[in-house]
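Engineer: A single structure is presented below for examination.
Residue numbers (this note's numbering): 1 to 108.
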């Protein structure tokens with residue numbers, strides 16, 4: 001099998017299993033016991049409403065700090081690899097756009 005046919009087969013291979021899953025697993029279209037969907041949600045989420053689960057703040061911080069460090073290190077390592085003198089890059093007008101974009105992403 002050629003590479004393009006193999007790639008196409010790998011791309012399309014999940015389709016039969018997903019189609020079978022769609023046939024087997026169905027969601028009800030009508031619920032006679034309920035007049036309307038349960039629990040209306042507001043469009044703007046209140047971030048301070050944690051339902052008494054204050055540990056969520058610490059779990060989010062514990063997961064966010066390694067993500068911040070990974071992003072910071074990845075940006076720095078990539079910058080040093082790309083800007084190594086052996087690459088002989090000519091810097092154009094958009095040279096600092098990547099660094100500015102990464103700085104904005106990390107600062108938020």
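Positions of the beta carbon are idealized from the N, C-alpha and C atoms, including for glycine.
1) Would you tell me roughly how many angstroms separate the C-alpha atoms of residue 61 and residue 32, rounded to the nearest one?
2) Could you name each continuous alpha helix (DSSP H) segment of 4 residues or more that falls completely within the stretch 18-100, going from the start of the chain to the end?
3) Does DSSP classify residue 13 as helix, strand or coil?
4) Whose C-alpha, out of 75, 93, 58, is nearest the C-alpha of residue 116?
5) Quick one, are the C-beta atoms of residue 71 and residue 107 less than 9 Å apart?
6) Can you give me the C-alpha to C-alpha distance between residue 84 and residue 96, rounded to a whole angstrom?
Structural biologist: By the coordinates alone:
1) 43 Å
2) 55-82
3) coil
4) Residue 116 is absent from the model: the chain starts at 1 and stops at 108.
5) no
6) 15 Å
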